[in-house]
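Here is the structure we will look at.
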Amino acid sequence: MTAWGVAVTWFTRAARTRAVNAVGETELRGADEDSVQANRVAVVTGTALSPERADLPTARRRADTQAGALARLAGIDAEPVSVDTDNVEAFVTAVTSLAPGFAALSLEGHNAAECFEAQRLLQQRLGMPVVQGDALGLAVAVLAGLNNAVRVAGKDLPTARVVIAGVSPGAAATARLLVAAGVDDVVICGRGGALHPDDAAVLPPYLTRLIGWTNPRRVRGRLPDLLVGADALIDLAPTTALTAPMVTAMRPSPVVFALTDGQPVLSEVAEAAAVVVTRQGPGAVDAALALPGLLRGALNACSSEVSLPMQLAAADALSGLAVHVSTSRLLPEVGDERVVASVAAAVTATATYERRAAAPARHAFPQEGTRR
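For the sequence shown, the residue numbers in this note's numbering are 7 to 378.
Here's what the structure looks like:
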């Protein structure tokens with residue numbers, strides 16, 4: 007066995023042991039922990055998930071990158087799979103047929119509506135974790151980073167006003183997770199401005215669900231309007247042109263997560279914000295900080311999904327690894343050997359707790375008002 011093989015074996019056992027110590031002996035689904043299938047994840051791309059067929063090569067490269075990261079960081083046997091169909095139902099049927107050889111699926115694509123629909127159908131049919139890998143990993147990393155950023159800025163996350171620019175899968179997953187974490191005021195800004203409850207009839211289903219959780223003040227306007235009085239901006243829109251006046255219009259000590267690839271942060275914007283976070287450099291927000299540990303933990307627990315509590319546990323574990331938090335370093339680096347093990351242990355423990363909580367008690371008392 008190679009040195010890396012030894013490290014992976016130690017990691018998976020250590021992560022499981024930490025989780026067991028936290029909640030007691032796990033009650034697994036009966037799958038063989040040492041089987042090949044139990045450690046296999048398919049990273050699936052397809053023309054059904056891409057807005058244009060020309061995007062498929064890019065999606066395939068991203069799938070290769072993600073599969074490599076899962077193998078390198080978490081010891082997961084990840085395999086890129088391409089499904090060449092432009093029909094969502096045909097895509098789901100094809101993926102369903104190959105799913106028995108895997109323990110989890112990670113979908114990669116750029117068309118948010120089709121990707122969410124495919125994920126929903128596959129999760130219903132397969133009873134195994136089905137995630138939008140990059141989107142989920144990014145959302146967990148954003149929440150972890152934001153937890154620490156508001157501390158640095160002297161703010162309180164539950165009462166912070168957060169604006170998310172963009173309606174990509176990553177933006178949608180981030181909004182959902184922030185609301186689940188207790189952030190009361192999240193507003194999503196698309197190309198036409200703030201997503202508003204009155205627009206439900208003209209929005210795709212995944213956005214319709216989002217507006218049920220967001221924009222509690224029912225505000226309207228474009229990004230410059232929405233940033234007035236905001237505490238934090240999560241920029242995931244490729245067309246955002248962020249300026250210093252937009253940042254200075256925010257509340258004192260504004261937090262800016264500039265996470266659009268290829269868009270450098272202007273120096274005057276960086277000077278206007280208390281905290282600026284990007285996808286580059288030390289402490290950067292990166293999906294690879296969260297996704298390997300999330301999937302490793304779900305596989306260790308033989309979980310049938312990656313639930314919201316599991317995602318929240320992952321974010322808490324990740325944010326807690328940054329001991330000396332500062333404006334320039336909110337999160338550990340991707341190569342930090344603590345990251346995957348800590349995130350996986352938290353996810354496994356949470357999955358085990360959920361399974362036990364859902365199991366019927368052996369000697370349950372009848373509810374008040376019922377008869378034996």
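Ideal placement from N, C-alpha and C gives every residue a C-beta, glycine not left out.
Under a Cβ-count criterion, where at least 16 other Cβ atoms within 10 Å of its own Cβ denotes burial, should residue i be classed as buried or exposed?
i, result
"residue 364", "exposed"
"residue 120", "buried"
"residue 109", "buried"
"residue 130", "exposed"
"residue 270", "exposed"
"residue 149", "buried"
"residue 299", "buried"
"residue 138", "buried"
"residue 93", "exposed"
"residue 115", "buried"
"residue 273", "exposed"
"residue 185", "buried"
"residue 171", "buried"
"residue 90", "exposed"
"residue 290", "buried"
"residue 74", "exposed"
"residue 358", "buried"
"residue 218", "exposed"
"residue 63", "exposed"
"residue 103", "exposed"
"residue 247", "exposed"
"residue 332", "exposed"
"residue 245", "exposed"
"residue 69", "buried"
Can you tell me which of the options puts its alpha carbon nearest to the alpha carbon of residue i?
i, options, result
"residue 310", "342, 71 and 128", "128"
"residue 212", "224, 199 and 194", "194"
"residue 168", "251, 260, 106 and 96", "260"
"residue 286", "304, 336 and 328", "336"
"residue 85", "174, 77 and 292", "77"
"residue 140", "175, 161 and 53", "175"
"residue 191", "97, 198 and 183", "183"
"residue 188", "284, 163, 283 and 243", "163"
"residue 325", "220, 151, 125 and 354", "151"
"residue 122", "177, 208, 330 and 303", "177"
"residue 222", "202, 251, 89 and 52", "202"
"residue 224", "240, 208, 199 and 98", "199"
"residue 66", "113, 96 and 82", "113"
"residue 355", "303, 118, 208 and 220", "303"
"residue 179", "73, 293 and 362", "293"
"residue 241", "204, 206 and 282", "282"
"residue 237", "344, 63, 252 and 226", "252"
"residue 87", "95, 80 and 71", "71"
"residue 257", "124, 239 and 245", "239"
"residue 79", "284, 330 and 345", "345"
"residue 100", "81, 124, 295 and 254", "124"
"residue 296", "243, 284 and 338", "338"
From the DSSP output, which residues share a beta bridge with residue i?
i, result
"residue 263", "240 and 283"
"residue 195", "171 and 200"
"residue 351", "DSSP output for residue 351 lists no bridge partner at all."
"residue 335", "332"
How far does the beta strand (DSSP E) with residue i in it extend, from its first residue to its last?
i, result
"residue 3", "This structure leaves residue 3 out entirely; the chain is present only between 7 and 378."
"residue 331", "Per DSSP, residue 331 belongs to no beta strand (DSSP E) and is neither H nor E."
"residue 51", "46-52"
"residue 138", "136-138"
"residue 111", "110-113"
Determine the extent of the alpha helix (DSSP H) in which residue i is found, giving its start and end residues.
i, result
"residue 55", "Where residue 55 is concerned, there is no enclosing alpha helix (DSSP H), given that its DSSP letter is neither H nor E."
"residue 127", "118-132"
"residue 67", "62-80"
"residue 299", "297-306"
"residue 252", "250-254"
"residue 102", "94-104"
"residue 273", "273-278"
"residue 231", "229-232"
"residue 216", "211-217"
Hey, is residue i close to the ligand MG, as in C-beta under 7 Å from one of its heavy atoms?
i, result
"residue 90", "This structure does not include the ligand MG; it has no bound ligands of any sort."
Is there contact here, the region 45-53 with the region 263-272, by at least three beta-carbon pairs under 8 Å? No: fewer than three Cβ pairs fall under 8 Å.
Stretch pair the region 130-137 + the region 275-288: three plus CB contacts closer than 8 Å: Flag = no, the region 130-137 and the region 275-288 do not touch.
contact_flag[the region 150-159, the region 219-232] where n(CB pairs < 8 Å) is 3 or more: Cβ pair count under 8 Å is below three, so no.
State whether the region 306-323 contacts the region 342-350, with contact taken as three or more CB pairs (one from each stretch) at a distance under 8 Å. With a cut-off of 8 Å, the region 342-350 and the region 306-323 count as touching, because enough Cβ pairs lie within range.
Sufficient close CB pairs (3 or more, under 8 Å) joining the region 300-315 to the region 98-116: Judged by pairs of C-beta atoms under 8 Å, the region 300-315 touches the region 98-116, as three or more such pairs exist.
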